[in-house]
Structure formats: structure tokens, C-alpha cells
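Take a look at the structure set out below.
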């Protein structure tokens with residue numbers, strides 16, 4: 001006697017109707033569940049018994065809408081649909097332009113998925129495989145989906161944990177997993193012990209259900225009958241009933257964080273026995289981890305580059321919480337991911353400022369140069385941003401970006417305005433206020449904007465920085481001094497109301513350089529009562545109204561654009577900027593451009609102004625970083641074949657965060 005009869009092929013019509021396909025009544029359903037029941041049940045009959053849900057394109061489309069809403073998916077993200085079945089979700093994502101692929105253990109369903117993709121002309125990859133041993137490299141995917149209540153099939157919680165651990169392995173740092181799971185707490189109390197329903201005009205299914213002995217799994221039996229052929233299948237299966245608390249604990253054990261539960265409704269054409277799909281929820285989680293080290297393949301030589309960063313262990317007064325938060329760590333991980341895509345480099349990351357001098361001294365002679373991304377400044381003090389390149393020059397280590405002189409000069413907005421005036425480059429009318437000034441004869445028409453004269457990251461520039469009268473001006477100055485201290489100079493400028501624009505340059509004029517597309521800030525979503533400025537709130541407080549500001553390619557008269565670019569290149573050379581720089585301008589009410597500030601070593605983050613400009617030029621984030629490196633290498637006169645000796649590579653063994661690409 002056999003427990004159940006499974007097949008991956010349609011039934012043979014030549015078989016006699018009296019062939020026995022059922023074992024009759026059983027007292028204990030659990031005794032008849034095979035450990036690997038899921039290997040035989042997902043065939044053509046599955047598409048019939050569950051077809052009211054899994055074969056309904058309208059339902060699939062609705063579920064994908066919900067997934068996109070929850071995850072805010074982007075087309076360039078790499079998505080794995082695990083336990084994809086016949087690929088209904090994978091294919092729908094592909095139809096919408098997403099980069100998705102699928103994996104399932106069922107040969108029959110994978111063949112169906114491939115056939116559908118071929119018929120629709122979709123380039124989608126489907127593979128057969130076991131979720132416990134995924135055939136993918138570490139740090140591959142941005143998102144993994146486990147849909148259709150496919151989590152919880154295995155015999156033990158430990159095996160489910162093994163799946164989650166595998167998902168964490170193949171996810172990139174800050175990658176996300178989304179599970180569509182039955183509400184175990186509800187189903188324990190409300191499952192239907194017996195039911196039956198027609199699944200088409202000639203077939204019906206009878207179901208029995210009971211809880212397992214430990215009450216942790218729901219055991220189901222399906223007897224599928226064809227009115228012409230009799231019983232065609234008698235199959236048993238079991239699914240674990242996870243409560244939200246139990247699933248949260250399991251995800252945490254696997255190393256996930258930011259675990260969030262979301263609602264989702266179940267629809268059905270027949271709307272009869274929905275079984276495990278009757279009530280379900282979606283849970284999302286994030287993997288916070290470092291990139292894994294990988295060996296450089298196919299390269300005998302690689303440039304050894306140290307990447308200098310801000311120190312996450314120290315306070316940072318410019319950040320809203322005065323410390324590195326999840327957004328900062330995500331930004332760093334995105335940068336590391338981008339650098340990993342650049343061939344021919346070995347990157348070592350150094351962010352511990354307490355030992356920076358000792359670490360760099362030990363690395364001297366063993367590295368080719370430093371990629372200086374420490375725009376926070378030494379010890380996260382923005383006034384000491386110039387100290388980092390000064391230290392590198394003392395050690396004789398080449399580095400990317402501007403030198404101490406350019407950083408010191410451009411840190412002072414008033415000095416930059418003075419140089420610009422000398423070069424006949426237009427700037428706003430302004431008044432410099434020293435720390436000791438108590439009376440002000442500004443000589444500028446209102447409205448005006450008050451800024452810290454020294455500094456970056458728009459610190460001290462908010463919606464309250466605009467003054468329309470002498471009284472408002474005095475209040476703003478007093479407020480800034482109370483916040484920043486009385487040892488800071490201030491700059492009062494005429495408030496320009498035209499387009500707010502930025503220009504980015506990568507390279508080293510007058511030689512080879514790239515002027516990126518000019519961008520302007522789009523203030524259309526900002527409430528009309530707020531001043532049109534891209535200040536601290538826009539850059540650091542995404543939940544504020546200023547978080548709705550977006551950058552877009554600027555629409556400027558050709559002569560205006562040419563004049564701005566000509567001025568930027570001249571300033572780049574005059575101020576001794578190097579490798580990359582950003583220039584901020586604003587038009588007055590008549591459309592005349594005026595220089596606001598010059599930003600050597602501008603923000604390098606994946607979603608910053610420079611990266612957005614590069615994207616408009618068709619330059620990816622990894623390519624942008626690569627161009628900055630190449631600009632520095634050309635400035636060094638570095639032979640691209642000349643790298644640190646092979647024997648020296650083994651000496652890069654400091655306790656640092658190291659990666660290769």
C-alpha cells in the first residue's frame with residue numbers, strides 16, 4: 001500500500017478507471033506526510049487545485065502592485081523570486097521592466113515558466129534548485145521574494161532557519177527579503193477540517209485537515225477526483241504555522257533586522273476553500289552586513305587603494321542625530337558595492353581616526369594612493385577637512401581630490417566671492433559679519449539670506465534663514481550665534497529667487513575633463529508659504545516638506561549655460577581644485593546667474609547631486625567613482641600598468657575593512 005501517488009506528468013488516459021489511487025480513510029493524517037512531500041506535489045494538478053489564485057493574472061498583478069508599494073522597487077535592483085512556481089510573479093515583474101529571475105524545485109513548473117517567458121519574448125532566467133543550498137554567489141541580490149505562502153514547508157524550524165541564512169548570504173548589504181506567509185495564529189483556530197469544491201467542469205477536490213501532534217503544523221490531505229477517471233491523486237502535505245512573534249524571532253536569529261509586518265488580502269475566482277491562503281501577511285526585513293571578501297580573478301596585478309572615510313565611532317555635529325545612522329551606513333555600503341564593480345583595484349577601507357596616522361604610516365610604500373572620501377574632516381570636524389590631505393602630503397602619499405589650500409579657501413564663502421569678483425564672475429551682493437560685530441550696515445535690499453560664512457553641508461541654512469526686515473535679520477543672527485557659538489563669521493546675501501542650479505566637473509581642466517549636465521532644484525512640490533531654498537532640511541531631514549525637493553536637468557538659455565560653464569572651469573583652475581568639484585549658482589529674478597559657492601571634494605554618495613548629474617549623462621554611480629579615480633591617476637602621471645609589487649600586497653594586513661574588486 002502506498003501513502004500517496006504523485007506525478008510530474010499528466011495522467012495516462014489509457015489507464016483503467018478502476019486503478020486504485022486512494023488509500024481510503026486514515027485515522028492520523030500526519031503519519032502519511034513524507035518529509036519531502038513538496039518534491040512531488042507541485043505539478044499540473046497543483047495548477048488546477050490552486051488555479052483560482054495562482055493562475056489568475058488579475059490577482060498576480062494586484063499582488064505585484066502591493067509588493068512594489070511596500071518595497072519601493074527600482075528597475076535596476078536585482079530581484080530573486082524564490083520558490084517561484086510557474087513564475088507568475090517573476091514574469092509580471094519582468095513585464096514591468098524589473099530585473100527579476102526565479103528559482104523553484106519543481107521541474108514541471110520551471111518548464112512552464114520558461115515556456116511562458118519564451119512565448120512572451122521576455123528575457124527572464126529560471127533555474128531549478130533547493131532553497132537550502134542556493135546556486136548563487138554571496139552578495140548578489142538587492143531583494144529576495146518568497147511568495148505564495150512558500151515558507152514553512154520543511155520538517156523543522158532549523159531547516160527554515162537554514163533557508164533564511166542562505167537568503168542573507170546571497171543578499172547584498174542592506175538587501176531586503178519579503179515573505180508572504182500564512183497567519184498561523186488565525187489558522188490554528190479557524191482551519192476547515194473538511195471541505196470539497198469543484199476545480200473545473202469535470203474535476204473536484206476533497207480536503208481533510210488537522211493539526212500536527214505538536215500543534216505547530218497544519219496537515220492537509222487532498223483527494224482529487226475526475227468524474228470520468230475516478231481518483232487521480234491522494235496527496236498529503238504539511239505547512240508550519242508561524243505566529244508573527246515566532247517569525248520575528250527566526251528572522252532575528254538569521255541576522256535580519258528592521259522586521260516589519262504588512263497586510264495583504266487574498267482574492268480568489270472561486271472564493272471557496274482558500275486553505276493556507278485564507279489569511280496571510282507580508283513580512284519584510286533588512287540584512288545589515290559587510291560585503292564579503294572575494295579574490296581577484298583573472299588579474300595578476302591590481303592597484304592598491306586605501307579609501308579614507310569619516311569615523312562612525314565619533315560624534316558628527318553636522319548630522320541630525322550628531323552620529324552616524326542607518327542612512328550613513330547604507331550610503332557607505334552603496335559606495336563599497338560600486339567600487340567592487342571596478343576591475344583592477346584592491347580597496348582597503350580606513351575609518352578609525354584614532355589610528356589614522358599610524359595606519360597610513362605603516363601602509364606607505366605598500367599602496368598606490370588614497371581615495372580621500374573623508375569629507376567629514378579629521379575626527380569628524382568639518383574645520384579639519386583640510387587636515388586629511390595635509391597629513392597625506394606630509395607622508396608623501398598621493399591622494400584624490402583637492403589639496404589643503406583649495407579646501408581651506410573654498411571653506412570661506414566670502415573669500416570665494418572676492419576671487420570671483422576679481423575674475424569678473426557675478427556673485428550676490430553680500431555683507432560679511434565678523435564674530436565681534438554687534439551693529440550691521442548691510443547696504444543690501446531685503447529680502448536677504450543669512451548663512452554661516454564657513455562650512456558646508458548647508459549647516460545653519462534653514463527656512464528660517466530668510467529675513468524681510470531689520471528686526472527679522474537681528475533675530476536670525478542672534479539665533480545662529482546661539483546655536484553655533486559666537487566665534488563664527490556670518491554672510492548676509494541678497495536672496496535670489498530664480499533657478500537654483502548646480503554644475504559638476506570631473507577631471508582636471510584645462511586638460512581632459514567632463515562637465516556634467518547642469519541640474520536645477522524642482523520646488524514645485526514645496527508648500528507655497530515656504531522659501532525656495534535647498535538647505536539643511538532638504539539634505540538631512542527627508543520627512544520635512546523640503547524632503548520633496550528633487551533635482552532635474554536645468555533648462556537654461558544656451559548663452560547662459562555657456563557662460564556658467566566657462567566661469568566654473570576658470571574657478572576650478574584659479575582655486576586649484578582637483579579631480580572633481582561642484583559649483584552652486586542661482587539666477588536672479590531677471591535670469592542672470594550668480595555664483596553662490598564652490599565645493600571641492602563634493603558629496604560622493606549614491607544619491608547626491610554629483611551622482612544625479614552623472615546619471616543624466618548616462619554615467620552610472622560605479623563609473624562616476626571610477627572616473628574620479630582615473631582623473632587622479634592621470635594627474636599623478638601614474639602608469640596604469642604600474643602597481644604595488646605583488647610581494648607588498650601581503651603586507652596590507654592591518655585590522656581594516658578590506659575589499660577587492
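In full-length UniProt numbering, the protein residues as written are 1 to 661.
We put the beta carbon where it would ideally sit given N, CA and C, even for glycine.
Quick caveat: nothing in here was measured; it's all calculated off a predicted structure.
Close-in-space but distant-in-sequence residues of the same chain around residue i (CB under 6 Å, 5 per side omitted)
i           : result
residue 375 : 601
residue 147 : 89 and 180
residue 238 : 33, 217 and 219
residue 391 : none
residue 525 : 548
residue 371 : 305, 307 and 400
residue 295 : Caution applies to residue 295, whose pLDDT of 47 falls short of 50 and renders its modelled position unreliable; the value that the coordinates give is listed next. Excluding positions up to five away in sequence, the list is empty.
residue 605 : 331
residue 38  : 153
residue 690 : The structure shown does not extend to residue 690, since the chain spans only 1 to 661, so no value can be given for it.
residue 162 : 132
Beta-carbon contacts of residue i that lie in its chain and below 8 Å, excluding the five residues immediately before and after
i           : result
residue 407 : 385, 386, 389, 600 and 601
residue 553 : 517, 518, 519, 520 and 616
Closest residue to residue i among the options (Cα-Cα distance)
i           : options               : result
residue 193 : 426, 57, 305 and 29   : 29
residue 316 : 105, 260, 459 and 155 : 459
residue 160 : 85, 606 and 248       : 248
residue 23  : 164, 224, 47 and 176  : 224
residue 157 : 251, 613, 356 and 582 : 251
residue 256 : 598, 287, 100 and 427 : 287
residue 64  : 92, 139 and 429       : 92
residue 514 : 244, 617 and 461      : 617
residue 520 : 504, 528 and 509      : 504
residue 204 : 177, 186 and 234      : 234
residue 122 : 244, 99 and 442       : 99
residue 381 : 562, 579, 314 and 232 : 314
residue 96  : 260, 607, 507 and 60  : 60
residue 430 : 473, 479 and 493      : 493
residue 261 : 253, 246 and 254      : 246
Residue i, DSSP secondary structure in three states
i           : result
residue 228 : coil
residue 352 : coil
residue 549 : coil
residue 220 : strand
residue 249 : helix
residue 522 : strand
residue 362 : helix
residue 610 : helix
residue 587 : strand
residue 662 : In the structure as shown, the chain starts at 1 and stops at 661, and residue 662 therefore has no counterpart that could be examined.
residue 515 : strand
residue 565 : helix
residue 667 : Nothing can be reported for residue 667: it is not among the residues displayed for the chain, which extend from 1 to 661.
residue 299 : Caution applies to residue 299, whose pLDDT of 47 falls short of 50 and renders its modelled position unreliable; the model cannot decide the point.
residue 499 : coil
residue 284 : strand
residue 318 : coil
residue 30  : helix
residue 593 : strand
residue 244 : helix
residue 23  : coil
Cβ-based neighbour list, residue i, same chain, cut-off 7 Å, excluding 5 preceding and 5 following
i           : result
residue 466 : 447, 449, 495 and 531
residue 242 : 152, 181 and 184
residue 511 : none
residue 537 : 462, 463, 544 and 546
residue 432 : 414, 453, 489 and 491
Residue i: CB within 7 Å of a non-hydrogen atom of the ligand ZN
i           : result
residue 572 : With respect to small molecules bound, the structure shown includes none, and the ligand ZN cannot be examined in it.
Taking 8 Å as the threshold, find out whether the region 193 to 208 comes into contact with the region 305 to 313 through three or more Cβ pairs. Contact between the region 193 to 208 and the region 305 to 313 is absent, because fewer than three Cβ pairs lie under 8 Å.
Taking only runs of the alpha helix (DSSP H) that begin and end inside the region 442 to 495, which ones reach a length of at least 4 residues, in chain order? Complete alpha helix (DSSP H) runs here, min 4: 470 to 484.
Minimum length 4: unbroken alpha helix (DSSP H) runs contained in the region 105 to 160: Whole alpha helix (DSSP H) segments, 4+ residues: 107 to 120.
Within 8 Å, do at least three Cβ pairs link the region 404 to 421 to the region 575 to 587? Touching, yes.
Quick check on the DSSP output: what are the complete alpha helix (DSSP H) runs of length 4 or more inside the region 159 to 210, in order along the chain? The qualifying runs are 184 to 190.
Please go through the region 40 to 103 and give each complete alpha helix (DSSP H) segment of 4 or more residues, from N-terminal end onward. As far as the region 40 to 103 is concerned, its whole alpha helix (DSSP H) runs of at least 4 residues are 46 to 49, 51 to 54, 57 to 71 and 88 to 95.
Taking 8 Å as the threshold, find out whether the region 418 to 428 comes into contact with the region 392 to 404 through three or more Cβ pairs. The region 418 to 428, when compared against the region 392 to 404, does not touch it at the 8 Å Cβ threshold.
Check whether the region 126 to 135 and the region 72 to 79 touch, using three or more Cβ-Cβ pairs below 8 Å as the test. No, the region 126 to 135 is not in contact with the region 72 to 79.
My parser needs the beta strand (DSSP E) runs of 3 or more residues fully inside the region 351 to 438; what are they? Runs of the beta strand (DSSP E) inside the region 351 to 438: 369 to 372 and 430 to 433.
Are the region 483 to 497 and the region 549 to 559 touching by the rule of at least three beta carbon pairs closer than 8 Å? No: the two stretches stay apart, fewer than three of their Cβ pairs being nearer than 8 Å.
Touching by the beta-carbon criterion (3+ pairs, under 8 Å), the region 588 to 599 and the region 613 to 633: Contact between the region 588 to 599 and the region 613 to 633 is absent, because fewer than three Cβ pairs lie under 8 Å.
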